[in-house]
Amino acid sequence: MPKKSAGLLLFRRHSQGEPLEVLLVHPGGPFWRKKDEGSWTIPKGEFTDDEDALTAAKREFQEETGGEPPAGDYLELKPIKQGSGKLVHAWAIEGNFEPERLQSNNFLTEWPPRSGQMQEFPEVDRAAWFTPDRARRMILAGQTPLIDQLLDLMSDKL
């Protein structure tokens with residue numbers, strides 16, 4: 014059975030005529046340190062069969078950003094399958110987040126590999142707002158359809 018995760022695609026709009034922006038986060042840890050374009054993601058994490066996916070998405074947003082998930086109407090997006098086979102359930106929600114207030118939880122990993130030394134790293138080391146065109150270049154390729162789904166849903170509201 015493939016792994017599954019749940020996350021939030023936070024978006025904000027400025028004045029009429031300007032493109033909306035989406036919030037993406039950059040994975041922390043040594044593997045992702047020098048990777049940028051094509052490595053960002055929505056704030057998300059794995060959940061179990063006995064857990065509600067939207068509840069998990071809100072929890073993961075808080076754990077990875079340190080911010081409260083916004084109140085409002087969550088727009089369910091169609092689940093997508095990443096190249097790894099992981100199924101991602103996502104919801105779009107309008108809100109705001111100040112990237113400089115990022116406060117991610119941490120994880121332990123052996124680093125350097127096979128050294129026997131455990132080091133702690135943030136799950137997320139950066140957050141930023143991107144226009145949809147820029148987001149398509151920055152996000153993991155398998156998550157690009159989430160951006161497209163949001164734009165389709167918002168096309169009559171822009």
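Numbering follows our numbering, in which position 31 of the sequence shown is assigned residue number 44; successive positions increment by one, without gaps.
All C-beta atoms in this analysis are idealised placements derived from N, C-alpha and C, irrespective of residue type, glycine included.
First and last residue of the uninterrupted alpha helix (DSSP H) at Q162 | Residue 162 sits at position 149 when you count from the first residue of the sequence shown. Start and end: T157 to M167.
From what residue to what residue does the beta strand (DSSP E) around A84 run?
-> Sequence index remark: in the sequence shown, residue 84 carries index 71 (1-based). Looking at the DSSP string, A84 is not in any beta strand (DSSP E), and its letter there is neither H nor E.
Going by C-alpha distance, which of R26, I106 and E123 is nearest F44?
-> Here residue 44 corresponds to residue number 31 of the sequence shown, with the count starting at 1. Nearest option by C-alpha distance: E123.
Count the other C-beta atoms from every protein chain shown that fall within 10 angstroms of the C-beta of M131, then say buried if there are 16 or more, exposed otherwise.
-> Sequence index remark: in the sequence shown, residue 131 carries index 118 (1-based). Under this definition M131 is an exposed residue.
Could you pull the start and end residues of the alpha helix (DSSP H) that R147 belongs to?
-> Stepping through the sequence shown from its first residue, residue 147 is reached at position 134. Element bounds for R147: P145 to M151.
Taking the alpha-carbon positions, what's the L166 to T144 distance?
-> The residue you call residue 166 lines up with position 153 of the sequence shown. The residue you call residue 144 lines up with position 131 of the sequence shown. Straight-line Cα distance between these residues: approximately 16 Å.
Nearest residue (CA-CA) to E77, options A70, P56, P15 and K94 = Counted from its first residue, the sequence shown places residue 77 at position 64. Checked all of A70, P56, P15 and K94; the closest Cα to E77 is P56.
Should the segment 133 to 153 be regarded as contacting the segment 100 to 107, the criterion being three or more beta carbon pairs within less than 8 Å?
-> no
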